Amino acid sequence: MTLAIETSCDDTSVAVVEKGIQHGRTVGQLHFHKKVTSDNSEYQGVHPLVSLQSHQENLALLITEAIDHLPLQDEHLASRTSNSRVGETMTRRLPDFISVTRGPGMRSNLFTGLDTAKGLAVAWQKPLVGVHHMQAHALTPRMVSALESYNTSDAPAGPSSPNTVFTQDSTVDHTPDFPFMSVLASGGHTLIIHSASLTDHRVLGTTTDIACGECLDKVARVVLPAEVLQSTKSTMYGALLEAFALPDKSQGRHSPGHDASPSAPVSELPVHTAQTYLDTYGPQYNWYRVSTNQEDAMRKSMTKWGWALNRPLTKSSGGTKINSLEMSFSGITTMAERIIRHGMDPDTKKLHRNERAAADISIEERKDLARETMRAAFEHVASRVVLGLQSLHHVTTAKPAVVIAGGVAANLLASTLCAHGYSDVELHFPPPKFCTDNAAMIGWAGLEMFEAGYTDPLSIRAIRKWPLSELLHPPRDG
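Below, the structure is given as structure tokens:
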């Protein structure tokens with residue numbers, strides 16, 4: 001069991017996560033999980049100082065609440081250290097170790113969580129595990145699988161159940177098993193990764209400019225009507241863009257049980273192949289058709305307004321980059337901003353010289369631009385998923401499972417477009433609540449690393465930039 005802390009950006013999150021074996025399967029239990037997001041709405045983006053102040057104000061409160069949710073001491077595990085407050089008759093178990101996000105992220109924010117974690121490790125005399133934020137995103141489907149496997153229908157809830165043994169055991173299978181391919185897409189990163197093992201992650205492709213999530217956020221700030229932006233305190237503009245363009249489709253995938261209490265049964269979900277996923281969610285996007293070639297794609301992307309958003313890198317370097325794993329999203333952002341500012345002549349297909357007033361842009365055109373922005377960005381990512389699978393043919397004969405994680409993965413259109421390609425590939429999408437930054441995934445990654453024998457000294461420092469390929473040998477001054 002671990003107490004986990006996440007403070008890499010603007011979310012302050014704490015979790016208590018436990019892992020064990022039930023009926024021969026790896027299972028997990030969330031005893032506590034809570035998140036507080038700083039209010040950055042005034043700045044229409046993450047303000048470093050505001051986020052840091054939010055961590056300083058909320059982290060200790062969340063940890064206090066988490067301690068109150070530590071499981072009661074099991075009489076069969078009397079050898080474990082107990083934690084009793086003065087005047088309390090109940091004795092609670094201490095975590096076996098402390099997990100905390102070490103990087104990458106905003107350095108000051110990371111240090112807030114890391115220094116607090118060090119204090120807990122010293123006070124409780126427990127080991128410390130510094131977690132790589134992107135590794136945690138990649139391992140999230142394994143956590144979800146374990147949470148869904150936890151079954152209390154025939155036994156009392158909690159680790160005292162005779163049918164559940166919560167202990168460190170790295171020999172039990174996890175789903176998905178290694179190797180698998182990950183698409184990690186968020187506001188700060190867009191990576192295609194081949195995960196050969198827990199600690200062996202090779203970057204196949206990444207963005208040369210801005211991340212996919214940053215692209216969506218920037219477009220949302222210019223496309224969304226002013227009243228929409230002013231009516232929310234959320235700075236998750238990508239989610240607002242989806243809700244604006246596709247209001248009936250923006251609730252994401254339903255995963256039963258994840259809003260239940262930690263001790264409640266969690267319904268198990270079947271593993272989806274790409275085809276079964278499309279059969280389930282594809283009909284919601286009956287307007288979308290896969291293009292047969294580049295000319296077909298350009299024709300389909302043309303709107304009645306005279307503008308089109310084409311897939312990036314189709315013409316760069318004479319078209320040689322169209323089949324590379326390189327990604328770029330700044331062109332989508334720039335074109336969307338120009339369309340909003342000037343508008344397009346439907347006859348000449350050229351931008352107007354003069355800028356147009358915001359009141360002259362119809363809601364219909366704004367919605368079309370929001371939808372086309374997402375389509376262009378997600379088609380770009382989906383094409384790299386297919387190319388990534390093709391590039392792994394020389395590594396393995398079997399197609400690896402594909403994990404789509406990170407904040408962008410909460411977008412149902414993104415996951416649906418990524419399902420196009422190899423119909424028999426297993427796809428793993430975390431529920432939306434686990435796509436964005438959270439301490440539960442940090443705790444799970446910490447559990448897997450701890451089981452594998454990895455801990456960190458109390459002298460470790462936060463790492464602002466930390467390539468996932470350097471997981472075990474992080475830069476000294478990242």
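Under the UniProt record's numbering, think of the first position of the sequence shown as 1, with each following residue one higher.
Even for Gly, the Cβ is constructed at its ideal location relative to N, Cα and C.
In this text the structure is predicted, and so the values were computed from the model without any measurement.
*Counting Cβ pairs, one atom from each stretch, are 3 or more of them under 8 Å apart for the stretch 297-308 and the stretch 336-351?*
yes
*Where S182 and D360 are concerned, what is the direct C-alpha to C-alpha distance, given to the nearest angstrom?*
42 Å
_Quick check on N286: buried or exposed, where buried means 16 or more other Cβ atoms within 10 Å of its Cβ?_
exposed
*Give me the Cα-Cα distance between A123 and V100, rounded to the nearest whole angstrom.*
16 Å
*Proximal residues to L62 (C-beta, below 6 Å), its chain only, five neighbours per side dropped*: V14, K34
*For R142, which residues of its own chain have a beta-carbon under 6 Å away from its beta-carbon, when the five flanking residues on both sides are left out?*
H174
*Give the secondary structure of I463 by DSSP, where H, G and I count as helix, E and B as strand, and everything else as coil.*
coil
*Just the Cα atoms here: how many angstroms apart are P430 and Y150?*
16 Å
_Bridge partner(s) assigned by DSSP for A419_ = None, per the DSSP bridge assignment.
*Continuous alpha helix (DSSP H) stretch holding H133: start and end*: 133-149
*Per DSSP, what kind of secondary structure is H380 in: helix, strand or coil?*
helix
*Straight-line gap, T334 to A226 (C-alpha atoms, nearest Å)*: 20 Å
*For P156, count neighbouring Cβ atoms within 10 angstroms of its own Cβ and tell me buried if that reaches 16, exposed if not.*
Bear in mind that the predicted position of P156 carries a pLDDT of just 40, short of 50, making it unreliable; the figure below should be weighed with that in mind. By the neighbour-count rule (16 or more Cβ atoms within 10 Å), P156 is not buried but exposed.
*For I98: DSSP bridge partner residues*: L3, L128
*Identify the residues that DSSP records as bridge partners of L72: which are they?*
R92
*Taking all protein chains shown into account, decide if H189 is buried (16 or more other Cβ within 10 angstroms of its Cβ) or exposed.*
buried
*Kindly confirm or deny that the stretch 402-411 and the stretch 54-69 touch, where touching means at least three C-beta pairs closer than 8 Å.*
no
_Would the stretch 29-43 count as touching the stretch 468-476 if we require 3 or more Cβ pairs under 8 Å?_
no
*asked:* Let me make sure I understand the geometry here. Which of L412, A138, Y281, L120 has the alpha-carbon closest to that of V203?
replied: A138
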